[in-house]
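Novice: Encoded as structure tokens, here's the structure I'll be asking about.
Structure (structure tokens):
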């Protein structure tokens, strides 16, 4: 989603949020803005306070200190909390459907918000169809599979046409294929509706696919907030790096693609990766640091199965205990993780000419929007 | 052995002929215990919901009282209610001792902790996050509790059955505050005790059969409602 479409007026704003359980601070957020039409993904490890933050922002939990404002107006008394709730939708990790039919579940929120009957029926029908569960409308919610239940809960949320959509680890409890299919449907719905979204997850890939902005929550504090590119490629500190560093994040465009093997054009270079995307697709290639092998130009050329061999110059050598992060400029920056001993034996330092070698299957390719 | 067969035969004819006295006693039983159950639902369901859903200081103490109340001996309830309603007692001015009203009060005291206890268990059995989900759908506090109670409808029907079952079958309290006055406060249980002590076994057996049938009928209806709710 392009940044230009996001207006810089916060729709939800939190100030001085602080929550402690038994003397232990679990959340400490001096300031957080959610802008209209953006997708803000809050990532962080388990127990970092993500759910608590979401509950505070939605005012499902009253923060002991701090204020949440909606469109600039502080939400203080119970009446304004109710009004706020009627502008939001929240999807939890559990589907939390009522013991009733799928249809009842999708329409109950509309009834609570006094949406008139005809419109409520139209919206429920539309969103059940959009999430592919319209055929299940008459079924009892507790007879659904977990994937169907999650689709129902998403249809219920979108039918409310919320001003802001909040999601708490919505895809975590699902198995692999179910999750992937739903994630794709959900992504296309998000692009279509452009609803302001706050999602918390521990899954970095979900953040990469969906986020306009990513906030990293560590021990109850927002350590970093920015575009996915900023956060994932230049983490502010070691803690964030340790959490977000999935590997190299390379932006490129698919060149030729045949039989599942694609060339991706990046910074004047080409890399080969396993991908089904067609020519011209803008993509993000994820390449784990430790999947890159560094060889010296002088060493005898060995034939390997690795599809990629890029020449470049070492621009930075950063020691992290027994391992060393070596940044190579191959027309685009590439980070490799090697052992200290290898670094010493090869005499790697700034300015050394090297080859970076990696397999096409080591790269994960994600479509970029 | 003859006595039993005689009793059952006699009971059968009493029932078949629709003896007016028997009918009147059965109706009063149903009326008194039904009213007491209804009243206990009015108090027990809100109390149980609050105990199940809200955290407040003293909650555990109240829960322990409710749990004790679930096993209140009816004679003790009868004793206390009698003392309160006695001519010189604190509520003697009401002049309702030995009336059906007094019996309703006593049975209400027996039933409401049972209803409250079952309601508490029912609401606690729901996923705590369901409350947040319902609030986020746009429900007010009152609407949320209503939706939660609907969600817990199966165990709540069990609460009604347990409450009604406890009061329709108790005899101690009804005897003490009602007095088993023929035509006024005689209900099935007290009548059975009375007839039994007179040696009128046939009559006692007939009344016992009616009592069982009545309890069965009410529970049958409630079970149908409960299981239909489950299957729907």
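Chains as they are written, first to last, in the numbering used here: chain R, 1143 to 1511; chain Y, 3 to 234. Beta carbons are placed, not taken as given, at the ideal position from N, Cα and C, and that holds for glycine. Quick caveat, the model's predicted, so the values are computed rather than measured.
1) Give me the subset of the stretch 127-147 of chain Y whose CB atoms are less than 7 angstroms from a CB atom of chain R, sorted by chain position.
2) Just how far apart, CA to CA, sit residue 1385/R and residue 1431/R?
3) Nearest to residue 1503/R by CA position, among 1361/R, 1415/R, 1451/R, is which residue?
4) Please classify residue 1472/R: is it buried, with 16 or more other beta-carbons within 10 angstroms of its beta-carbon, or exposed?
5) State the start and end residues of the unbroken beta strand (DSSP E) segment that holds residue 3/Y.
6) Is there a C-beta anywhere in chain R that falls below 8 angstroms from the one on residue 153/Y?
7) Under the rule that 16 or more other beta-carbon atoms within 10 Å means buried, what is residue 95/Y, buried or exposed?
8) If you measure between the beta carbons of residue 1117/R and residue 1155/R, is that distance less than 8 angstroms?
9) Within 10 angstroms of the Cβ of residue 1215/R, are there 16 or more other Cβ atoms? Answer buried if so, exposed if not.
10) Does any C-beta atom of chain R lie closer than 8 angstroms to the C-beta of residue 225/Y?
11) Mind checking whether residue 1205/R and residue 1173/R have CB atoms under 8 angstroms apart?
12) How far does the alpha helix (DSSP H) with residue 194/Y in it reach, from first residue to last?
13) Mind listing, in chain order, the continuous alpha helix (DSSP H) runs of no fewer than 4 residues lying wholly within the stretch 1320-1359 of chain R?
14) For residue 1255/R, decide whether its Cβ has a neighbour in chain Y, counting only Cβ atoms nearer than 8 angstroms.
15) Excluding sequence positions up to five away, which residues of its chain have a Cβ less than 8 angstroms from the Cβ of residue 102/Y?
16) Exposed or buried, which one is residue 1505/R when buried takes at least 16 other CB atoms within 10 Å?
17) What are the partner residues of residue 1152/R, as DSSP defines its beta bridges?
18) Excluding the 5 residues preceding and the 5 following residue 72/Y in the sequence, name in chain order all residues of the same chain whose CB lies nearer than 7 angstroms to its CB.
19) Within 10 Å of its beta-carbon, does residue 1218/R have 16 or more other beta-carbons around it, so buried, or fewer, so exposed?
20) Please determine, among 1299/R, 1290/R, 1178/R, 1187/R, the residue with the shortest C-alpha to C-alpha distance to residue 1227/R.
21) When the Cα atoms are used, what is the spatial distance from residue 1510/R to residue 1463/R?
22) Give the straight-line distance between the Cα atoms of residue 1196/R and residue 1457/R, rounded to the nearest whole angstrom.
23) Given residue 1453/R, which residues of its chain have a CB within under 6 angstroms of its CB, disregarding the five upstream and five downstream residues?
24) Compare the C-alpha of residue 1322/R against each of 1301/R, 1283/R, 1256/R, 1293/R and name the closest.
25) Taking Cβ-Cβ distances below 7 angstroms as the criterion, which residues of the stretch 1232-1243 of chain R are in contact with chain Y?
26) Could you give the first and the last residue of the continuous beta strand (DSSP E) run that contains residue 1481/R?
27) Cβ of residue 1263/R less than 8 angstroms from any chain Y Cβ?
28) Within the same chain, show all residues whose beta-carbon is closer than 8 angstroms to that of residue 1280/R, passing over the 5 residues directly before and after it, in chain order.
29) Verify whether the separation of the beta carbon atoms of residue 212/Y and residue 28/Y is less than 8 angstroms.
30) Could you give the DSSP three-state label for residue 1187/R: helix, strand or coil?
31) Along chain Y, which residues have their Cβ under 8 angstroms away from the Cβ of residue 1228/R?
32) My guess is that residue 1140/R and residue 1297/R are in contact by the Cβ rule of under 8 angstroms, so how many angstroms apart are they, rounded?
33) Going by DSSP, what residue range makes up the beta strand (DSSP E) through residue 1305/R?
34) Which residues, in order along the stretch 1383-1399 of chain R, keep a beta-carbon less than 9 angstroms from a beta-carbon of chain Y?
35) Under 8 angstroms, Cβ to Cβ, is there at least one residue of chain Y near residue 1250/R?
Specialist: Once the coordinates are examined:
1) 129, 131, 132, 134, 135, 137, 138, 139, 140, 141, 142, 145
2) For the purposes of this step, residue 1385/R is taken as the residue at position 243 of the first chain. For the purposes of this step, residue 1431/R is taken as the residue at position 289 of the first chain. Those two C-alpha atoms are separated by around 14 angstroms.
3) What you label residue 1503/R is simply residue 361 of the first chain in a count that begins at 1. Of 1361/R, 1415/R, 1451/R, the residue nearest in Cα terms is 1415/R.
4) Residue mapping note: residue 1472/R aligns to position 330 of the first chain, counting from 1. Burial call: buried.
5) For the purposes of this step, residue 3/Y is taken as residue 1 along the second chain, with counting starting at 1. Per DSSP, residue 3/Y belongs to no beta strand (DSSP E) and is neither H nor E.
6) Translated into the one-based positions of the second chain, residue 153/Y becomes position 151. Output row for residue 153/Y: interface = yes.
7) The residue you call residue 95/Y lines up with position 93 of the second chain. Residue 95/Y should be labelled exposed.
8) Outside the displayed range of chain R (1143 to 1511) lies residue 1117/R, so it cannot be described from this structure.
9) Reading the first chain from its first residue, position 73 is the one you call residue 1215/R. It counts as exposed.
10) Position 223 of the second chain holds residue 225/Y. Chain R, which has no Cβ nearer than 8 angstroms to the Cβ of residue 225/Y, makes this no.
11) Stepping through the first chain from its first residue, residue 1205/R is reached at position 63. Stepping through the first chain from its first residue, residue 1173/R is reached at position 31. No, Cβ-Cβ distance for residue 1205/R and residue 1173/R is not below 8 angstroms.
12) Counting from one through the second chain, the residue named residue 194/Y turns up at place 192. 190-200 is the span of the alpha helix (DSSP H), which, as asked, contains residue 194/Y.
13) 1346-1352
14) For the purposes of this step, residue 1255/R is taken as the residue at position 113 of the first chain. At least one chain Y Cβ lies under 8 angstroms of residue 1255/R.
15) Within the second chain, numbered from 1, the residue matching residue 102/Y stands at position 100. 30, 33, 34, 180, 186, 187, listed in sequence order.
16) Residue 1505/R sits at position 363 when you count from the first residue of the first chain. The residue in question, residue 1505/R, is buried, as its Cβ has 16 or more Cβ neighbours within 10 Å.
17) Your numbering for residue 1152/R matches position 10 in the first chain. Per DSSP, 1177/R.
18) Counting from one through the second chain, the residue named residue 72/Y turns up at place 70. The answer, listed in chain order, is 115, 116, 119.
19) As a first step, residue 1218/R is located in the first chain; it is residue number 76 there, counting from the start. Exposed: under 16 other Cβ atoms inside 10 Å.
20) Locating residue 1227/R in the first chain gives position 85, where the first residue counts as 1. The candidate whose alpha carbon is nearest that of residue 1227/R is 1299/R.
21) One-based indexing of the first chain puts residue 1510/R at position 368. One-based indexing of the first chain puts residue 1463/R at position 321. Taking the straight line from one Cα to the other gives about 35 angstroms.
22) Translated into the one-based positions of the first chain, residue 1196/R becomes position 54. Translated into the one-based positions of the first chain, residue 1457/R becomes position 315. C-alpha separation (whole angstroms): 41 angstroms.
23) One-based indexing of the first chain puts residue 1453/R at position 311. So the list reads 1497, once near-sequence residues are dropped.
24) Indexing the first chain from 1 puts residue 1322/R at position 180. Nearest of 1301/R, 1283/R, 1256/R, 1293/R to residue 1322/R, Cα basis: 1293/R.
25) 1232, 1234, 1236, 1238, 1240, 1241
26) By one-based count along the first chain, residue 1481/R stands at place 339. Element bounds for residue 1481/R: 1475-1481.
27) By one-based count along the first chain, residue 1263/R stands at place 121. Closer than 8 angstroms: no.
28) Mapped onto the first chain, residue 1280/R falls at position 138. If we look at residue 1280/R and ignore the five residues flanking it on each side, its Cβ neighbours are 1243, 1244, 1245.
29) Residue mapping note: residue 212/Y aligns to position 210 of the second chain, counting from 1. Residue mapping note: residue 28/Y aligns to position 26 of the second chain, counting from 1. Closer than 8 angstroms, so yes.
30) The sequence position of residue 1187/R within the first chain is 45, counting from 1. Coil, per DSSP.
31) For the purposes of this step, residue 1228/R is taken as residue 86 along the first chain, with counting starting at 1. Result: 140.
32) Since the first residue of chain R shown is 1143 and the last is 1511, residue 1140/R is not available in this structure.
33) The residue labelled residue 1305/R in the question sits at position 163 within the first chain. Careful: residue 1305/R lies outside any beta strand (DSSP E) and carries neither H nor E.
34) none
35) As a position in the first chain, residue 1250/R is number 108, starting the count at 1. It does; some Cβ of chain Y falls within 8 angstroms.
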